[in-house]
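Asker:
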Amino acid sequence: DSGVTQTPKHLITATGQRVTLRCSPRSGDLSVYWYQQSLDQGLQFLIQYYNGEERAKGNILERFSAQQFPDLHSELNLSSLELGDSALYFCASSVGSGLEIASDTQYFGPGTRLTVL
Amino acid sequence: AQSVTQPDIHITVSEGASLELRCNYSYGATPYLFWYVQSPGQGLQLLLKYFSGDTLVQGIKGFEAEFKRSQSSFNLRKPSVHWSDAAEYFCAVGAYGNKLVFGAGTILRVKS
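So the protein lines, in turn, are chains W and G. Just so you know, my numbering puts 124 at position 15 of the first sequence, and the rest follows in order with no gaps. Just so you know, my numbering puts 81 at position 86 of the second sequence, and the rest follows in order with no gaps.
(1) Tell me the rounded alpha-carbon separation between glutamate 191(W) and isoleucine 169(W).
(2) Just checking my contact of arginine 135(W) with valine 113(W) at CB under 8 Å: how many whole Å lie between their CB atoms?
(3) Quick check on serine 202(W): does DSSP put it in helix, strand or coil?
(4) Taking a Cβ distance cut-off of 8 Å, strictly less, list which residues of the region 61 to 78 of chain G are near chain W, in chain order.
(5) For glycine 93(G), collect the residues of the same chain with a Cβ closer than 8 Å to its Cβ; drop the 5 residues on either side in sequence, then sort them by chain order.
(6) Could you check if leucine 143(W) is buried or exposed, using at least 16 other CB atoms within 10 Å of its CB as the buried criterion?
(7) Can you name the start and end residues of the beta strand (DSSP E) that phenylalanine 97(G) belongs to?
(8) Against chain G, does glycine 137(W) count as a neighbour if the rule is that its beta carbon must be under 8 Å from one of theirs?
(9) Excluding the 5 residues flanking serine 67(G) on each side, which residues of the same chain have their C-beta closer than 7 Å to its C-beta?
(10) Give a yes or no on whether the minimum CB-CB distance between aspartate 213(W) and chain G is below 8 Å.
(11) Please list, in chain order, all residues of the same chain as phenylalanine 69(G) whose beta carbon is under 7 Å from its beta carbon, the five residues on each side excluded.
(12) Is the beta carbon of tyrosine 159(W) closer than 8 Å to that of alanine 175(W)?
(13) Which residues does DSSP list as the beta-bridge partners of asparagine 186(W)?
(14) Taking Cβ positions, are valine 76(G) and valine 105(G) nearer each other than 8 Å?
(15) Can you tell which of Ser140(W), Leu155(W) and Gly137(W) has the C-alpha that lies nearest to the C-alpha of alanine 196(W)?
(16) Suppose you measure from the CA of lysine 73(G) to the CA of glutamine 40(G); what does that come to, to the nearest Å?
(17) Could you please tell me which residues of the region 22 to 56 of chain G, in chain order, have their CB closer than 9 Å to any CB of chain W?
(18) Between phenylalanine 97(G) and glycine 151(W), is the Cβ-Cβ spacing less than 8 Å?
(19) To the nearest angstrom, how far is it from the Cα of histidine 182(W) to the Cα of glycine 167(W)?
(20) For the beta strand (DSSP E) containing histidine 5(G), list its first residue and its last residue.
(21) Could one say the Cβ of glycine 11(G) lies closer than 8 Å to chain W's Cβ atoms, at least one of them?
(22) Of the residues that make up the region 158 to 182 of chain W, which ones have a beta carbon closer than 7 Å to any beta carbon in chain G?
(23) For serine 133(W), does the count of other Cβ atoms within 10 angstroms reach 16, so buried, or fall short, so exposed?
(24) Is it buried or exposed, aspartate 194(W), if we count other Cβ atoms within 10 angstroms and call 16 or more buried?
Put into structure tokens, the structure is as follows:
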């Protein structure tokens, strides 16, 4: 158990819909990262938040957005869903901001499996 | 741009045999390298990491990895595989801003 929690575990929805995935980081971690794991794209970094502020952005679609709240939990919002958005979405957390990577290991949650029908 | 190549999609080894999973990276600066393992239905668990210093890194569950700058490689090894090691293994390089760039993964099957 990494200490990172994600809800829900599974989500099934239809095309065009909007969903929200939730992540609670390990106690004391200030950074939250979102990754998408799909069969065709593999594991890809989406976005990072540090202490409530966006810190780094990866291959995140404009239909997707995220935020980190004052209690440090994070939500990933996916809208206008398409079949291709079906994937496993991971959240990870780390202590630091990402500028001192040597001391900043990312711990992953169990993931949310999204199925778009 | 950073990239990671894991040339083997699947590997099958017999229980008790030795294991080596290959990983090659491309990164302009000093790389920060990681190996993660993903069991079915589970998240990613960190096995080991390399930042600097000794090029042979020890991890959990009896795994080790060796960083070879001249070959841009960071291969994962285990001297004796157990059935519980069957999983998917991901090599990753830490890029600017701490985002991880992952390889495509290697699925390890262990036969008894």
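Glycine included, each C-beta is placed from N, C-alpha and C at the ideal position.
Answerer: Short version:
(1) Within the first sequence, residue 191(W) is the residue found at index 82, counting from 1. Within the first sequence, residue 169(W) is the residue found at index 60, counting from 1. Approximately 14 Å between the Cα atoms of the pair.
(2) Counting from 1 along the first sequence, the entry for residue 135(W) is found at position 26. Counting from 1 along the first sequence, the entry for residue 113(W) is found at position 4. With a Cβ gap of about 6 Å, arginine 135(W) and valine 113(W) count as contacting.
(3) For the purposes of this step, residue 202(W) is taken as the residue at position 93 of the first sequence. Serine 202(W) falls in the strand class under three-state DSSP.
(4) none
(5) The residue labelled residue 93(G) in the question sits at position 98 within the second sequence. A small fix is needed here, since residue 93(G) is asparagine in this sequence, not glycine. Once the five neighbours on either side are set aside, asparagine 93(G) has no close Cβ partner at all.
(6) In the first sequence, residue 143(W) corresponds to position 34, counting from 1. Contrary to the premise, residue 143(W) reads as tryptophan rather than leucine in this sequence. Tryptophan 143(W) should be labelled buried.
(7) As a position in the second sequence, residue 97(G) is number 102, starting the count at 1. That run of the beta strand (DSSP E) goes 95 to 97.
(8) Looking up residue 137(W) in the first sequence gives position 28. No, glycine 137(W) does not count as interfacial toward chain G.
(9) The count along the second sequence starts at 1 and reaches residue 67(G) at position 72. So the qualifying residues of the chain are Asn19, Tyr20 and Ser21.
(10) What you label residue 213(W) is simply residue 104 of the first sequence in a count that begins at 1. With a threshold of 8 Å between beta carbons, aspartate 213(W) makes contact with chain G.
(11) Within the second sequence, residue 69(G) is the residue found at index 74, counting from 1. Same-chain partners within the cutoff: Cys18, Tyr20, Leu28, Tyr45, Ala60, Phe62 and Cys86.
(12) What you label residue 175(W) is simply residue 66 of the first sequence in a count that begins at 1. What you label residue 159(W) is simply residue 50 of the first sequence in a count that begins at 1. Contact: no.
(13) By 1-based counting over the first sequence, the position of residue 186(W) is 77. In the DSSP secondary-structure assignment, asparagine 186(W) is bridged to Thr129(W) and Ser174(W).
(14) Along the second sequence, read from residue 1 onward, the residue named residue 76(G) stands at position 81. Along the second sequence, read from residue 1 onward, the residue named residue 105(G) stands at position 110. For valine 76(G) and valine 105(G), yes; Cβs fall inside 8 Å.
(15) The sequence position of residue 196(W) within the first sequence is 87, counting from 1. Across the set Ser140(W), Leu155(W) and Gly137(W), the C-alpha of Leu155(W) shows the shortest separation from the C-alpha of alanine 196(W).
(16) Start at 1 with the first residue of the second sequence, and residue 73(G) comes out as number 78. Start at 1 with the first residue of the second sequence, and residue 40(G) comes out as number 45. Going by the C-alpha atoms only, they are around 16 Å apart.
(17) Tyr27, Phe29, Tyr31, Gln33, Gly36, Gln37, Gly38, Leu39, Gln40, Leu41, Lys44, Phe46 and Ser47
(18) Within the second sequence, residue 97(G) is the residue found at index 102, counting from 1. Within the first sequence, residue 151(W) is the residue found at index 42, counting from 1. The answer is yes: Cβ separation under 8 Å.
(19) On the first sequence, position 73 is the one that residue 182(W) refers to. On the first sequence, position 58 is the one that residue 167(W) refers to. Taking the straight line joining both Cα atoms gives about 20 Å.
(20) By 1-based counting over the second sequence, the position of residue 5(G) is 10. Where histidine 5(G) is concerned, the enclosing beta strand (DSSP E) stretches over 5 to 9.
(21) Mapped onto the second sequence, residue 11(G) falls at position 16. Not an interface residue.
(22) Arg164, Ala165 and Gly167
(23) Looking up residue 133(W) in the first sequence gives position 24. With 16 or more other Cβ atoms within 10 Å, it is buried.
(24) Your numbering for residue 194(W) matches position 85 in the first sequence. Answer is buried; the Cβ neighbour count reaches 16.
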